[in-house]
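Quick notes on the structure that follows.
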Amino acid sequence: MSFADRRVLVVGSGSEGEALAQACRAAFEGARLETAVPDAMPAQWPAGHEPELVVLESGADPVALAELIAGLAKAAQPPAAILAGAGLSAGLVRGLLRLPRADVVEAPFGPRELAEAAQLLLRPAETLVVPAAPTGGRCWTVTGAVGGAGATTLAIELAAALAERSQGQKRVALVDLNLADGAAAAYLGASANMMLGRASQEPERIDAALLEVFASPAPGGFDLIAQARDPHGFETASAEAILRVLDVAIQVYDFVIIDAPRHRRGWTIDVMAGSDALLVVSELTVPALLAARALVSELEAELHDGPLPRIVLNRLAKRVFGPAPSTAEAEKALGRKAEGGLTSDWEAAAASVNLGGPIRSHRPKSRIARDVDDLVDRLLAAVPHSHIKAA
Ligand SMILES: Nc1ncnc2c1ncn2[C@@H]1O[C@H](COP(=O)(O)OP(=O)(O)OP(=O)(O)O)[C@@H](O)[C@H]1O
Ligand SMILES: [Mg+2]
């Protein structure tokens with residue numbers, strides 16, 4: 054969510070008030086931020102100048118704060134409010150609960166905690182979601198057999214190919230579940246707006262309106278749902294919240310492509326089991342093929358009634374020189390056929406990540422675009438796994 058031009062009022066006094074104002078400036082980039090002391094607040098704001106969000110410093114004079122909160126509650130459309138600080142008094146919190154949209158952020162906190170709380174409060178009112186089909190959209194998950202195999206690249210190209218085919222008629226989302234340092238946002242030059250930390254404490258609040266706040270438009274005609282870089286991203290997001298984001302996404306979008314982390318998390322198997330197709334990307338090197346073979350057998354053993362993992366071979370050379378295995382040799386090493394392959398095209402791949410966007414937008418003639426089209430044809434033709442289950 055962008056806070057640009059949002060009217061935010063920070064109420065506090067002394068050095069603690071100043072510290073809170075500073076944290077708010079960092080949390081709400083581009084917002085129109087004003088500061089005030091609790092007992093010098095206008096009784097009413099001129100129309101169009103009412104704050105949309107009031108952030109109150111809990112250490113300020115309690116009587117003045119209580120009066121202020123009561124005053125806010127009387128407004129025809131009370132602003133969203135956050136009470137932030139240590140030693141929150143029960144009386145103040147009770148007063149705060151009279152406001153339709155309020156939350157408490159306990160110390161120690163930083164800009165991120167403030168932004169997460171504000172995202173939940175300022176999300177648009179829940180709109181009625183009419184699922185596209187009784188089963189919702191289709192969901193394809195992509196993961197890599199080894200680091201750098203090309204999972205993110207394939208996920209982006211699949212999303213872009215589906216968006217291009219639907220010509221605006223279908224909604225496509227790419228969800229990057231590499232919650233600590235996902236690369237999809239950087240590859241696309243799009244913003245990463247998902248913040249799962251606070252939403253994980255209240256997963257029932259994850260709805261279509263919050264998903265809209267988490268999503269950002271990406272070049273290529275689809276939405277990106279990715280978490281802003283956060284070294285603790287995996288620890289602060291709960292499995293319930295992640296699965297709920299995906300559930301809502303499948304209701305809202307016709308196609309959901311998931312870039313799944315390579316290292317197993319507690320929720321990985323659930324995410325894969327809920328997908329219609331599961332793609333494991335490998336390179337044509339012996340270690341990568343061995344890793345792909347091992348990963349696929351592990352997944353087959355665990356995904357009892359989930360989708361069968363399919364292998365996509367990446368960076369295929371047009372002609373093989375040197376000791377790199379050919380596709381046929383690779384399939385022999387894998388003990389199975391590959392579902393598809395992407396030609397190696399370093400120039401196109403590098404140009405698109407440097408310019409920001411899918412390869413098919415910047416280098417539509419690249420073999421990679423055609424290879425992805427072939428793969429999409431095959432995946433669309435396959436009976437979705439969820440339909441197999443229903444049958
Ligand atoms: N077919 C291809 N031809 C040339 N370069 C490619 C191709 N596919 C991917 N690349 C490049 O390889 C690098 C790694 O790709 P990518 O980030 O998609 O891999 P990944 O599996 O998502 O990696 P990670 O394990 O870090 O998540 C990127 O620089 C990407 O542009
Ligand atoms: Mg990746």
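The sequence shown begins at 54 in this note's numbering and counts up by one. A virtual CB, placed ideally from N, CA and C, is assigned to each residue, including glycine.
Residue burial classification, residue i (beta-carbon count within 10 angstroms, cutoff 16)
i	result
Asn407	exposed
Trp399	exposed
Ser111	buried
Asp283	buried
Gly388	exposed
Gly222	Correcting the residue identity first, residue 222 is Gln in this sequence and not Gly. Exposed.
Ala286	In the sequence on display, residue 286 carries Gly and not Ala. Buried, because 16 or more other Cβ atoms sit within 10 Å of the Cβ of Gly286.
Asn231	buried
Leu173	buried
Glu166	buried
Pro104	buried
Asp156	buried
Ser483	For the chain, the structure presents residues 54 to 444; residue 483 sits outside this window and is missing.
Asp424	buried
Asp427	exposed
Glu255	exposed
Gly101	exposed
Ala93	exposed
Val183	Because Val183 sits at a pLDDT of 49, beneath the cut-off of 50, its placement in the model cannot be relied upon, and the following sentence gives the value as read from the coordinates. Under this definition Val183 is an exposed residue.
Chain-order list of residues whose beta-carbon lies under 6 Å from that of residue i (same chain, five-residue window excluded)
i	result
Gly274	Ala216
Glu87	Leu62
Gly250	Glu169 and Thr289
Ala84	Phe56, Arg59 and Val61
Phe81	Phe56 and Val61
Gly203	Val334 and Asn367
Ala213	Gly273, Pro411 and Arg413
Ile295	Trp320
Ala74	Val63 and Thr88
Arg154	Ala133 and Leu174
Asp229	Gly235, Ala237, Ala279 and Asp312
Ser253	Ala290, Ser291 and Ala294
Sequence-distant residues of its chain with Cβ nearer than 7 Å to residue i (five each side left out)
i	result
Pro91	Val64, Ser66, Ala113, Asp114, Ala117, Leu118 and Leu121
Leu369	Leu337, Thr380, Gly394, Leu395, Thr396 and Ser397
Ala129	none
Ala178	Ala262
Leu233	According to the sequence displayed, residue 233 carries Ala and not Leu. Taken in chain order, the residues that qualify are Asp283, Pro284, Gly286 and Phe287.
Ala348	The amino acid at residue 348 is misidentified as Ala; the sequence shows Leu. Once the five neighbours on either side are set aside, the close Cβ partners of Leu348 are Ala198 and Val333.
Ala76	Gly163, Pro164 and Leu167
Gly189	Ile303 and Gln304
Tyr240	Thr205, Ile209 and Val406
Val266	Met54, Gln172, Arg176 and Asn246
Backbone CA spacing between residue i and residue j [nearest angstrom]
i	j	result
Val158	Ala139	9 Å
Ala344	Trp320	21 Å
Leu490	Ala330	Because the chain spans 54 through 444 in this model, residue 490 falls outside it and cannot be assessed.
Asp307	Pro272	18 Å
Gly70	Pro99	24 Å
Gly148	Ala171	19 Å
Leu395	Arg176	40 Å
Gly200	Pro340	11 Å
Leu125	Leu150	12 Å
Val107	Val298	28 Å
Glu355	Gln280	27 Å
Val301	Ser68	42 Å
Ser419	Ala401	7 Å
Ala185	Met325	With a pLDDT of only 44 at Ala185, under 50, the local geometry of the prediction cannot be trusted, and the value read off the model is given with reservation. The straight-line gap from Cα to Cα measures roughly 22 Å.
Ala143	Leu136	12 Å
Lys390	Ala403	29 Å
Lys127	Ile278	37 Å
Arg317	Gln97	54 Å
Ala160	Ala422	50 Å
Ala133	Leu109	11 Å
Asp430	Ala292	32 Å
Glu392	Val146	57 Å
Arg315	Leu342	15 Å
Pro187	Leu152	Low local confidence applies: a pLDDT of 47 at Pro187 is under 50, so the model's placement there is unreliable, with the coordinate-based value given in what follows. Taking the straight line from one Cα to the other gives about 37 Å.
Beta-carbon proximity list for residue i, same chain, < 8 Å, skipping 5 on both sides
i	result
Asp276	Arg224, Val225, Ala226, Leu227, Ala268, Ser269, Pro270 and Tyr306
Ala89	Leu62, Val63 and Val64
Ala434	none
Ser328	Cys192, Trp193, Thr194, Ile311, Gly359, Pro360 and His438
Glu353	Leu361 and Pro362
Residue i beta carbon near ligand 3 (any heavy atom closer than 7 Å)
i	result
Arg389	Only ligand 1 and ligand 2 can be found as ligands here, which leaves ligand 3 out of the picture.
Would the stretch 257-266 and the stretch 206-220 be scored as touching if the rule is three or more Cβ pairs under 8 Å?
By the Cβ test, the stretch 257-266 is not in contact with the stretch 206-220, since fewer than three Cβ pairs between them sit closer than 8 Å.
Cβ contact check for the stretch 384-391 and the stretch 404-414: 3 or more pairs under 8 Å:
As far as the Cβ criterion goes, the stretch 384-391 does not touch the stretch 404-414, which means the pair count is below three.
On the three-pair Cβ rule with 8 Å, is the stretch 240-251 touching the stretch 310-328?
When Cβ pairs closer than 8 Å are counted between the two stretches, the stretch 240-251 is seen not to touch the stretch 310-328, the count staying below three.
Taking 8 Å as the threshold, find out whether the stretch 359-368 comes into contact with the stretch 322-338 through three or more Cβ pairs.
In this structure the stretch 359-368 lies against the stretch 322-338, because at least three pairs of beta carbons, one per stretch, are closer than 8 Å.
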